[in-house]
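If you read the protein sequences in the order shown, they are chains E and U. Mapping the first sequence onto numbering that gives the first Met the number 0, position 457 (from 1) lands on 456, and the numbers just tick up by one. Mapping the second sequence onto numbering that gives the first Met the number 0, position 519 (from 1) lands on 518, and the numbers just tick up by one. Using N, Cα and C, we set each Cβ at its ideal position, and we do this for glycine too. Below you'll find the structure, written out as structure tokens, and then a few comments.
Protein chains: 2
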Amino acid sequence: MRTAKQKLSPVSWKEVTVNGGFWQEIQKINSTVTIPLQYIRMEERGGIEALKLNWKPGDSNKPHHFWDSDIGKWIEAAAYSLAKHSDPELEKKIDDLVDLIEAGQQEDGYFNTFYNLVDPGKRWTNLYYMHELYCAGHLAEGAVAYYLATGKKKLLDIICRFMDHIDSRFGPQTGKVHGYCGHPEIELALVKMYQVTGEERYLRLSKFFIDERGQQPYYFELESLSRGVNVEVKADRPRHLKHYLCCQGPFAQYQSHLPVREQDAPVGHAVRAMYLYAGMADVAAETGDHTLLDACEVLWKRLTEKQLYITGGIGQSSDGERFTFDYDLPNEITYNETCASIGLVFWAHRLLQFNGDGKYADVMERALYNGIMSGVNLEGDRFFYANYLSVYPDRFKYGSTLITERMAPTRQGWFEVACCPPNLARLVASIGQYMYSTSTDGIYVHLYNDNESKLDLIDNQVILTQKTEYPWDGHIGITVNPENDAEFMIALRRPGWCQNAEIKVNNAVIDVEVRKGYWIVNRLWKQGDVIEIILDMPVQRIETHPSVRTNTAKVALQRGPIVYCFEEIDNAKDLNDVSLVSDADISARYEEDLLGGVVTLETKGRRRDTSTWDGQLYQPVKSEKMDITIKAVPYFAWANRGPGEMVVWVKQEE
Amino acid sequence: MRTAKQKLSPVSWKEVTVNGGFWQEIQKINSTVTIPLQYIRMEERGGIEALKLNWKPGDSNKPHHFWDSDIGKWIEAAAYSLAKHSDPELEKKIDDLVDLIEAGQQEDGYFNTFYNLVDPGKRWTNLYYMHELYCAGHLAEGAVAYYLATGKKKLLDIICRFMDHIDSRFGPQTGKVHGYCGHPEIELALVKMYQVTGEERYLRLSKFFIDERGQQPYYFELESLSRGVNVEVKADRPRHLKHYLCCQGPFAQYQSHLPVREQDAPVGHAVRAMYLYAGMADVAAETGDHTLLDACEVLWKRLTEKQLYITGGIGQSSDGERFTFDYDLPNEITYNETCASIGLVFWAHRLLQFNGDGKYADVMERALYNGIMSGVNLEGDRFFYANYLSVYPDRFKYGSTLITERMAPTRQGWFEVACCPPNLARLVASIGQYMYSTSTDGIYVHLYNDNESKLDLIDNQVILTQKTEYPWDGHIGITVNPENDAEFMIALRRPGWCQNAEIKVNNAVIDVEVRKGYWIVNRLWKQGDVIEIILDMPVQRIETHPSVRTNTAKVALQRGPIVYCFEEIDNAKDLNDVSLVSDADISARYEEDLLGGVVTLETKGRRRDTSTWDGQLYQPVKSEKMDITIKAVPYFAWANRGPGEMVVWVKQEE
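What follows is the structure in structure tokens.
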């Protein structure tokens, strides 16, 4: 019987020290600006005060049922940061939060600020909507990270008691509740708890939540009927939320329309989907259940071949924050929640460990450098929830859309539901963990960035040191320092975008086999061996599958992993009328003083001259085009120079 | 001082008998299918029963506050039809309705089925939303039409009493209410009442409603505060309707943000805007108030140069059924309510009478042959509310939009708010009135279609007979039969789309001056003189102003006044990947058996081959294109062969 064991082992964020280059800059801002700011925002909005149990019915600023998850994610981000940069003040803040959580924990282990304060008698009555297990999961991830970062076990112990309480209530056994959370998260968190504590009941509980999901009769239906409503048919909320009635079936909005192994397309809320699929991959890996991995692979193929933006964005619809249909990738009216792309990285990273297939790393890289990092400004203090691929600001002033902060075309200081900023912070702070894996054969190098890392092989330890200007330059140097000289494999990722490259070891070009997107270098490695990877990094004009109706006759520019866009500030208004000339050279230039230092692109383009139109709105085709120079900047860095038009996809003359 | 007198006089629908060609076919279906069906629908939905005052609080099927307007529009349409084709059964139906209206009229002249039955104490307390004056206006239009069609005065008398009641309540005098309706309509209806009764107080009241609109303090604010709510700031309706808070200012959704003479852009609800502007033009014409005409001209220019679809559609946003911003003309996510284009025809027709400028007739023709007739199927029994210029059906199955009947991409049998079908019916039944005007100089011919018409000049009467296959063919024959041979002008419209043409009189080509889009033929006309107009009608590739971001690099095909579209049934899926070849011939062919007989177009196109993509969603540009034959059909006739993709704008290779 097939089992789904991971052939690769992820390398912990603890072992990878980012010490230069692209990600170091971002981590520095994350640690010095973003993480401190997020604590302040939680204070301002009342999340910390609520944790102190100071809120009483009738008070303003009612605790939000998501707030515990913000706390959990913030602790997680802060823990990753702390592990690399000692910061007693930050550590004190976390310890104080842990004390508050301890004080708020109920006798039986239960913890939830909203239910503790706002609706004490109602706990566990609305798994569909109220996020109790989701919040528990995020607190668990925070607890695991803080324990691993500092060795302090108090929060982990609190969460163990909480998880034990959950385990006593939910499970397949008679007498236990056969429920699961409207927002997946607990599943992957329980696997982390299992990994760090060795308690198998956490793994079993995670597997239960996954196995139970989508079984009939639907738990959500039974639960809601017991509250006197039917959430699907007569939704207990305003009409404008009825779109939660997802067309793919009852409860599809929450991926609960079918048992997970029967799901063959990404549906419903995109962040929920990613967290669920990541949990499925975790349980597959830990239990060897190949049916879960098979389901992941079907879902992966459908998602990445039919509903993935070039930026790594996913989840096209702002209504319901969800997937729509195959090849539907609108640029202007879309959603692409930052959290969804982050969830995609979590899932991709887990799938990558099974067989070391570079296609997963390609998507991970696509999301990291583009649709995720677009989620925060260069200063680290403003955030996008929605990541559009085309913006015309008037649409948000005079358009038809009911605009909320989460749909704004300029980055916002915070959000009513503030999931994205702390999610970004924890991802950036732990970016090192995505760079390497090990296996019985040796080492996998997934991402390229300056770092020094300690990689444990079966009977050896290797210090790898990377030095590179990637993603701006394709030259990567890796120094290999094994504790003992030994023969092992180093698998170097050949990015999906790369069409020509050279590999050298100790200055000699070597001929290497490519296997699933990795150059496999097997040799006797000695202290101080130097690998050089020289990736050709020409500007590529990318086309989209013909069924994607919004990108036909258009191209996007990509160089290395970086997807580019055109902004009004560089190219004037009416960007949609700009076309590239198909045979024109495109120059790439590093501009140190622009947008924190980026490679920009310039090429010849053409556009019509509006001055000749004289009040006509339509005319028989006759207008001449003017030659212009157009400039592109990395998509992730857009909207850092004031509001304006932006497009990723631009017409190309044939 | 300038005054705004109309130099032209519209010719009544009574004098124009459509006796063949395009519009006869449509009128036949309108009379035999659409008008009878609409009566049945009103019966089914309860509108007739409500008029019988049979509804009691607690009963189901609560009367809708719009229902009286449906009755009024239906009577109007039926009256026009009746005048041309005697139909005792239909006349009996109208007379019965009139009796019911009489029975429901209050002592003081007030009439409104909703307030009579549902909320008797609350009349005139919510002009903002409850459409009492709007319903009154439609009943008045019905009354005028029925009186003119049959000479029967009962309904007109009823409405006179109602209008007198309104006049006693609203007006500039102290003690009267300085209010106006949330939905303009009463203004133009009062002018019709004035024209048919000669009672100047109706004209004065219309002028009052127009002058008062948008003055501060805002009537709607005062009114709503007196009901204990603030409609703008704390809307008294669900959150999803808060988009009625239009960004152009308080009450801009209802064109009440500014005095009408200060409004310089079409804003808010498109149908309301058109009815208001038509009323403004009426009052300008009847009072000579040039400031109202000036305002109309500013609004006209802004609308037609910046927010008019090629089909004559207007009002881009389904949220609020309203205008958005200049050059925002999305094809797929739009609205273009059928009623809004009908209102545009009303307004254009009025402005045309001032100076006989063909630009108004061009827009009238554009809307009539395209964005209005798309509102009904060929059988006359299903209707579009929204008229998209691009449809991908999956968007409505899996997309983000909360779809209601009014937004459906296939024509519907009826609607909750059923304004469009009877509006279409009354327009089609009265189409003759848009064909001619007279002036002190002679006759204006605005539209080309078979008809025989009696046109009264100052001291002569002329029978004109048109014979043509227009809009499929550009050859038009007009026989002129003056009662007395005389010298006068016949102004023949030179359509805006026409670039070459020939005019003959009695077989001899004549050289004629063009003035404001009309060929001016001055001569001594004798019985039996024959005018021939030969309009070159090549297929034109139309481009849009460069600021219209959704149409760049695309063309639409137009032949004569007919705008074409491409349907999936003729061209397979993925229409957006089809491109025209810029120098390929486009053949035009009349197909008698297709879509009731239409000219279709065929040309060479190209598209990418999806079979070579092999699971890729993105790739560096390399795909080859295939040559294909593509076929276009008239836009108005789309969606008559089952659901499928449709596009008007198609890429063109350069």
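key: Assumed close pair Gly-141 (chain E), Ile-74 (chain E) - CB separation to whole angstroms, cut-off 8 Å   = 3 Å
- Query: Under 8 Å between C-beta atoms, does Tyr-359 (chain E) make it to chain U?
  - Reply: no
query = So with Cβ pairs under 8 Å, would you call Ala-552 (chain U) a contact of chain E?
reply = yes
To which residues of the same chain is Val-375 (chain U) closer than 6 Å at the C-beta, ignoring the five residues directly before and after it? Phe-382, Leu-423
- Query: Out of E:Glu-652, E:Val-190, E:Gln-618, which has the shortest C-alpha to C-alpha gap to Ser-581 (chain E)?
  - Reply: E:Glu-652
Is the CB-CB distance between Gly-441 (chain U) and Leu-426 (chain U) below 8 Å?
-> no
(message) Run through chain U and tell me which residues come within less than 8 Å of Asn-575 (chain E), C-beta to C-beta.
(response) Arg-548, Thr-549, Thr-551
What are the complete alpha helix (DSSP H) segments, minimum 4 residues, inside the stretch 348 to 382 of chain U? 357 to 365
Taking all protein chains shown into account, do 16 or more other C-beta atoms lie within 10 angstroms of the C-beta of Pro-329 (chain E), making it buried, or fewer, making it exposed?
buried
Legend entry - Spatial distance of Tyr-634 (chain E) from Asn-335 (chain E) (CA atoms): 14 Å
Could you give the DSSP three-state label for Thr-611 (chain U): helix, strand or coil? helix
Straight-line Cα distance separating Met-41 (chain E) from Ser-670 (chain E) = Because chain E in this structure spans residues 0 to 653, residue 670 (chain E) falls outside the shown range and cannot be described.
- prompt: By DSSP, does Asn-521 (chain U) sit in helix, in strand, or in coil?
  reply: strand
- Item | Paired residues, beta bridge with Ile-561 (chain U) - DSSP | U:Arg-558
Determine, using beta carbons only, whether Trp-346 (chain E) comes closer than 8 Å to chain U.
no
*State yes or no: is the C-beta of Phe-345 (chain E) within less than 8 Å of the C-beta of Met-279 (chain E)?*
no
> Got a sec, what are the start and stop residues for the beta strand (DSSP E) Ala-490 (chain E) sits in?
Replying inline: 485 to 492
Using CA atoms only, rank isn't needed, just tell me which of E:Met-645, E:Ser-340, E:Lys-51 is closest to Ile-371 (chain E). E:Ser-340
### Message
For Ser-399 (chain E), which residues in the same chain have their Cβ closer than 6 Å to its Cβ, ignoring the five residues on either side in sequence?
### Response
Any reading at Ser-399 (chain E) needs caution, since the residue's pLDDT is 46, under 50, leaving its predicted position unreliable; the model's value is listed next. Counting only Cβ-Cβ distances below 6 Å, and skipping sequence neighbours, we find nothing.
query: Just how far apart, CA to CA, sit Asp-318 (chain U) and Tyr-447 (chain E)?
result: 47 Å
- Going along the chain, which residues of its own chain have a beta-carbon closer than 6 Å to the beta-carbon of Cys-338 (chain U), five neighbours each way excluded? Val-270, Cys-418, Cys-419, Asn-422
Next item on the list: Starting from the C-beta of Lys-730 (chain E), find all residues in its chain whose C-beta is less than 7 Å away, skip the five residues before and the five after it, and write them out in chain order.
Entry: This structure does not reach residue 730 (chain E), given that chain E is present from 0 up to 653, and the question cannot be answered.
- Task: Using three-state DSSP, classify Leu-52 (chain U) as helix, strand or coil.
- Result: coil
**Prompt:** What residues match up with Ala-507 (chain U) in a beta bridge as DSSP calls it?
**Reply:** U:Val-504
Quiz item: Are there three or more Cβ pairs, one per stretch, closer than 8 Å when the stretch 77 to 92 of chain E is compared with the stretch 118 to 135 of chain E?
Solution: no
- request: Run down chain U in chain order and give the residues with a C-beta less than 8 Å from the C-beta of Leu-616 (chain E).
  value: Thr-303, Glu-304, Lys-305, Leu-307, Thr-543, His-544, Val-547
When you check each C-beta in the stretch 612 to 642 of chain E against every C-beta of chain U, which residues fall closer than 7 Å? Trp-612, Gly-614, Gln-615, Leu-616, Tyr-617, Gln-618, Pro-619, Val-620, Ser-622
What does Thr-437 (chain E) pair with, by DSSP beta-bridge criteria? E:Ser-8, E:Ile-442
query = Gly-197 (chain E): buried (16+ other C-beta within 10 angstroms of its C-beta) or exposed?
reply = exposed
Quick one: Cα of Trp-22 (chain E) to Cα of Val-15 (chain E), how far? 12 Å
So, under 8 Å CB-CB, Leu-463 (chain E) and Ile-477 (chain E) are touching, yes? Tell me the CB distance rounded to an integer number of Å.
6 Å
- Backbone CA spacing between Asn-27 (chain U) and Gly-431 (chain U) [nearest angstrom]: Correcting the residue type first, residue 27 (chain U) is Lys in the shown sequence and not Asn. Answer to the nearest angstrom: the Cα atoms are 14 Å apart.
- Grouping DSSP H, G and I as helix and E and B as strand, with all else coil, what is His-164 (chain U)? helix
(request) Anything in chain E within Cβ reach of Ser-578 (chain U), meaning under 9 Å, just list it in chain order. (result) Thr-551, Ala-552, Glu-653
Q.
Considering only their Cβ atoms, is the gap separating Arg-200 (chain U) from Tyr-179 (chain U) smaller than 8 Å?
A. no
**Study point:** Beta bridge counterpart(s) of Gly-476 (chain U) as assigned by DSSP
**Key:** U:Lys-466, U:Glu-531
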